[in-house]
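Student: Chains as they are written, first to last, in full-length UniProt numbering: chain A, 1 to 493; chain B, 1 to 484.
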Amino acid sequence: MSGAGELLDLSLTGLSAALAAGRVSAREATEAALARIEATDGRVGAFLAVTAERARERAAAADARAARGARLGPLDGVPLAVKDLFLTRGVATTAASRILAGFVPPYDAAVVERLEAAGAVLLGKLNLDEFAMGSSNENSAVKPCHNPWDLARTPGGSSGGSAAALAARQAFGTLGTDTGGSIREPAAFCGVVGLKPTYGRVSRYGVVAFASSLDQPGPLGRTVGDAAALLQVIAGRDARDLTSSTRPVDDYGAALEEGARGLTVGVPRAWLAEGVEAGVARRVKEALALYERLGAKLVDVELPHTKYGIAAYYLIAPAEASSNLARYDGVRFGLREGGAGGLKGMYGATRAAGFGAEPKRRIMLGTYALSAGYYDAYYLRAQKVRTLLRRDFERAFERCDVIAGPVTPAVAFRLGEKVADPLAMYLEDVFTVTCNLAALPGLSVPCGLHPEQQLPVGLQLIGRPFDEATLLRAARALEREQGPLPRPAGLEA
Amino acid sequence: MPVADFEVVMGLEVHAQLLTRTKIFCGCSTAFGGEPNAHTCPVCLGLPGVLPALNQRVVEFAVRAGLALGCEVKRKSVWARKNYFYPDLPKGYQISQYELPICEGGGVPITVDGKERVVQLVRIHMEEDAGKNVHGVAADGSSGVDLNRAGVPLCEIVSAPDLFSIDEATEYLKSLRAILMYLGVNDGNLEEGSFRCDANVSVRRRGAAALGQRCEIKNLNSFRFLRQAVEYEVRRQVEVLEGGGRVVQETRLFDPARGETRAMRSKEDAHDYRYFPEPDLPPLVLDDAFVEEVRRTLPELPRARAARYQRDLGLSAYDAQLLTAERAVAEFFDAALAAYGAGAEGAKKLANWVNGDVARLANESGLAPAAWKLTPEKLAALVKLVDAGTVGGPGAKQALEAVFREGGDPAEVVKARGLAQVSDEGAVEAAADAVLARSAAEVERYRGGNTKLMGFFVGQVMKEMKGKGNPAVVNAVLKRKLGP
């Protein structure tokens, strides 16, 4: 390998091949990544913690395995990083919230266990919106994260650090979580691939809960193949998460290169009609045209209840969050304030000081929606919308294999632009929340740069339940035809 | 007497701990006691990121209870979150069941004043217990939280407002407790809190159709407290109504020290628990085969057993009920009868012993049958010694007490302690002679026709023989000596 720069340009699968061939060591890859983080993260802000020592130990172990001819698989020795919503034993986990100050988990999240069992080298914990609540990473109580394409812009959220670290070539793959678009939106904004698996495909055990019926961990990669390789390792039943599926895990590499020929791509025309910025619409339409040229068939599909998605999402997610965030009470872990004020004083002071504005807003929204007398009108009705949305998709999937459309209405916006307007921020999620509400897999793959702004545009692909393989295949067909995006410009200046 | 113009209507909510070895959503021990927080893990501590994994035994036990109580076991039930803040509730919500519980309907049989009826149940649902706050132990005055109990499985059994006297309420609790203990799903221990009861109490004028406003009374951890609390509460509510007032719906706490209930919180500041379906647990779906398998393994229940004792062994209803109230006692009785033989005749004798001296010793010692040194075989052997005339009644009682407390073979105990009955005529005559010699006046009156004095002579001879004389021989010897 001629230099660290070239090494960092490798995809995860490229690095894996180089490690397997002995052309590079896990130590070299890890040192290169750590040096890159050191050199760039002051400007990007993707990492909340860098676990250099642990990474070096694990890289040495990986190299020892490789020397014995006992590599554990494609992730062995590959430097990765995970959103700081995943619990890591012995490493502080903050959810980017003050209320978890000082919390060092006694156990690892299931997906962290799986990554480490596969030999992966964890570089650290990635920035996010506090408790995964946000679409710009600006709700992080620690620091904002910047988009490597333009440091004045948001990387998206809530998994902003997970996308930015990849775009900044600080890691070879990352994990995020997606409750209403939190993997796909940042992936789109940062020009990387992000996959939200079917609800239940990946264990949520050890993931700080935001909205339990919507949360789903998933991979982000610089290529479709990278995302597939990560999903292969983290997917599957976990007896500790009873919502995880017992369905066997597909071989995601098997059909990856089969191309778009024979696929039927459903296009919800309404998603491109209004509210989508012209440059984004143009790139999405070009991608659709490309699919047609590659031998796919395009059909129009109707998803009439999409327009209720945001309303339903912003009732269900806060309702569940209001309950999930009750455990942050100062009693057993994390921040404790106002000890002298008695029990209620401690609760009040701890939660007032510990939670930022967005979690507070959602706790209030959710508490209201679940309150006696309002439950039927809000929470229950929102659940009915979920059923209607699911039926919309079922009907659409009678006619197509994947559904394609935009991930977001526009490209990455400027930091600070929407901070004062929570509603505008919530509307960022208009195309992504339906996937979560219907428990379907969704993927964001780059489909070029915005014609004027020169910022990445994402194409969203939505699949049938547990049909991640087809999503990956369709995304790979586009990626292969389009070739890689140029390097992000923001860090080179 | 104004209270007599009113009728009390009650419903009881029982929280019964299900006797699983591990907690409902994690693998921690359910053992009582232990160092504070020794039986905890990330799941029952409610750490971030944890998820509940359901213990299937909990479901099996709840189904067992439901089937035994004649409930409809729902093939689909739903877990729900009950949200409230309290330090002993680690997650800030309790996982319970709300709109769709595992069992609906059913009933608990009771017998009051010889009349038998079935008290209607509304539902049974499963839930996790909370921990407990510990005050006054830390040197700095701060309070602590012990989460050993957090996540211990409970089933809540809710009766309809179908109890119309304190006696009915008490009988209901006893019957329910006996059934759950028979099923092996609950240990019936009120002191340790594994069988707890809240009472919904209301009163109405006799003849009124509508129910009165109810109050919920908490902290009733003994049958005595239940009685005291309900008596107090009924008087209080009647006084309120007689005084022209209205009973306010509220939660009241029983204070055992003062024997009264007092308001804890009113409906206005009652919790809004914000129930919603637990998203971390799929709906609980049971298949018919599972339910039928549980039904197949149900044990014989107390009432069926008592009926069998009356029918097959000729025992009285009273004896049969006492024997069957606790499964372990009934099993002790069965084993003793098997060892003794002799069918109905033996049954009556053994029932007298088990319900009499054995029950007294058990109560005094507080020991459960498993801990008795008296085995069923030893009891049978002792009764046979009585039959054979080897030991008399008073001696047998002493021998029983010795075996109960210290163990040993009954025949050897009788021998070692000199409890054997004396049937030797020579020894009895010597004692009789001594008594008659010093009782000249009584002998005179007896011979004068006061034959009732025979009892006096027998008693004196028995006393002379330290209670060991064979009563039949003593009687015969005295009759012969005193003449017609």
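Cβ coordinates follow ideal geometry from the N, Cα and C atoms, glycine included.
(1) May I ask you to list, following chain order, the residues of the region 137-159 of chain B that have a beta carbon less than 9 Å from some beta carbon of chain A?
(2) Kindly confirm or deny that the region 456-469 of chain A and the region 127-137 of chain A touch, where touching means at least three C-beta pairs closer than 8 Å.
(3) Rounded to whole angstroms, what is the Cα-Cα separation between residue 34 of chain A and residue 205 of chain A?
(4) Alpha carbons only, please: which of B:475, B:329, B:450 is nearest the one belonging to residue 459 of chain B?
(5) Return the CA-CA distance between residue 81 of chain B and residue 236 of chain A, expressed in angstroms with no decimal places.
(6) Please state the DSSP three-state secondary structure of residue 197 of chain B.
(7) Taking all protein chains shown into account, decide if residue 123 of chain B is buried (16 or more other Cβ within 10 angstroms of its Cβ) or exposed.
(8) For residue 96 of chain B, which residues does DSSP report across the bridge?
(9) Report the residue ranges of all beta strand (DSSP E) runs contained in full by the region 458-492 of chain A; include only those spanning at least 3 residues, in chain order.
(10) Cβ of residue 1 of chain B less than 9 Å from any chain A Cβ?
(11) Give the secondary structure of residue 1 of chain B by DSSP, where H, G and I count as helix, E and B as strand, and everything else as coil.
(12) Please compile the residues from chain A whose C-beta is within a distance smaller than 7 Å of the C-beta of residue 57 of chain B.
(13) Taking Cβ positions, are residue 16 of chain B and residue 65 of chain B nearer each other than 9 Å?
(14) Find the nearest neighbour of residue 38 of chain B within the set B:363, B:350, B:146, judged by alpha-carbon distance.
(15) Nearest by alpha-carbon distance to residue 232 of chain B: which of B:479, B:463, B:3 is it?
(16) Please determine if the region 284-294 of chain B and the region 206-224 of chain A are in contact, where contact requires at least 3 C-beta pairs separated by less than 8 Å.
(17) Nearest CA to the CA of residue 390 of chain B: which residue from B:250, B:275, B:113, B:471?
(18) Report the residues of the region 86-115 of chain B with a CB closer than 7 Å to any CB of chain A, ordered along the chain.
(19) Enumerate in chain order the residues of its own chain whose CB-to-CB distance from residue 119 of chain B is below 7 Å, with the five nearest sequence positions on each side excluded.
(20) Between which two residues does the alpha helix (DSSP H) harbouring residue 406 of chain A extend?
(21) Let's test the definition: count the other Cβ atoms within 10 Å of the Cβ of residue 52 of chain B and tell me whether it reaches 16, buried, or not, exposed.
(22) Is any beta-carbon of chain B found at less than 9 Å from that of residue 211 of chain A?
(23) Report the residues of the region 355-387 of chain A with a CB closer than 8 Å to any CB of chain B, ordered along the chain.
(24) I need the boundaries of the beta strand (DSSP E) containing residue 124 of chain B, first residue and last residue.
(25) Determine the DSSP secondary structure at residue 409 of chain B, reduced to helix, strand or coil.
(26) In chain A, which residues lie less than 9 Å from residue 485 of chain B when you measure between Cβ atoms?
(27) Taking 7 Å as the limit between beta carbons, can you name the residues of its chain near residue 394 of chain B, skipping five residues before and five after?
(28) Against residue 106 of chain A, what residues of chain B qualify as contacts under a CB-to-CB distance less than 8 Å, listed in chain order?
(29) Shorter than 9 Å from the beta carbon of residue 347 of chain A to some beta carbon of chain B?
(30) Is it the case that the Cβ atoms of residue 412 of chain A and residue 150 of chain A are separated by a distance below 9 Å?
(31) With DSSP as the reference, label residue 15 of chain B as helix, strand or coil.
(32) Can you list, in chain order, the residues of its chain with a C-beta nearer than 8 Å to that of residue 224 of chain B? Leave out the 5 residues immediately preceding and following it.
(33) On the CB-based measure, 16 or more other CB atoms within 10 Å of its CB, does residue 1 of chain B come out buried or exposed?
(34) Once you ignore the five residues that flank residue 100 of chain A on each side, which residues in its own chain have a CB closer than 7 Å to its CB?
(35) Relative to the C-alpha of residue 219 of chain A, which residue among A:148, A:191, A:209, A:187 is closest?
Tutor: Taking the structure as given:
(1) Listed by position, the residues of the region 137-159 of chain B near chain A (Cβ gap below 9 Å) are 142, 143, 145, 147.
(2) Taking 8 Å as the limit for Cβ pairs, the verdict is that the region 127-137 of chain A does not touch the region 456-469 of chain A.
(3) 28 Å
(4) B:475
(5) Using only the alpha carbons, I get a separation of about 27 Å.
(6) Three-state result, residue 197 of chain B: strand.
(7) buried
(8) B:80
(9) Along the region 458-492 of chain A, the beta strand (DSSP E) does not occur as any fully enclosed run of 3 or more residues.
(10) Any answer about residue 1 of chain B is weak, because its pLDDT of 40 lies below 50 and its placement is not dependable; what the coordinates show is given next. No, residue 1 of chain B lies away from the interface with chain A (no Cβ there is under 9 Å from its Cβ).
(11) Its pLDDT being 40, under 50, residue 1 of chain B is placed unreliably by the model, and the measurement read from it follows with that caveat. In this structure, residue 1 of chain B counts as coil in the three-state DSSP scheme.
(12) What residue 57 of chain B touches in chain A: nothing, since even the nearest Cβ is about 16 Å away.
(13) yes
(14) B:146
(15) Comparing Cα-Cα distances from residue 232 of chain B to each of B:479, B:463, B:3, the minimum goes to B:3.
(16) no
(17) B:471
(18) Listed by position, the residues of the region 86-115 of chain B near chain A (Cβ gap below 7 Å) are 87, 90, 91, 92, 93.
(19) 107, 108, 110, 159, 162, 163, 172
(20) Unbroken run through residue 406 of chain A is the beta strand (DSSP E), 402-406; no alpha helix (DSSP H).
(21) That one is buried.
(22) Yes, contact with chain B.
(23) 367, 370, 371, 372, 375, 379
(24) 115-128
(25) It is coil, neither helix nor strand.
(26) With chain B represented from 1 up to 484, any question about residue 485 of chain B goes unanswered, as that position is not in the structure.
(27) Within the same chain, residue 394 of chain B has close Cβ partners 467.
(28) 42, 47, listed in chain order.
(29) Between residue 347 of chain A and chain B, the shortest Cβ-Cβ separation is below 9 Å.
(30) Yes, the Cβ-Cβ distance between residue 412 of chain A and residue 150 of chain A is below 9 Å.
(31) Three-state DSSP puts residue 15 of chain B in a strand.
(32) none
(33) Low local confidence applies: a pLDDT of 40 at residue 1 of chain B is under 50, so the model's placement there is unreliable, and no value is given.
(34) 93, 94, 334
(35) Considering only alpha carbons, the answer is A:187.
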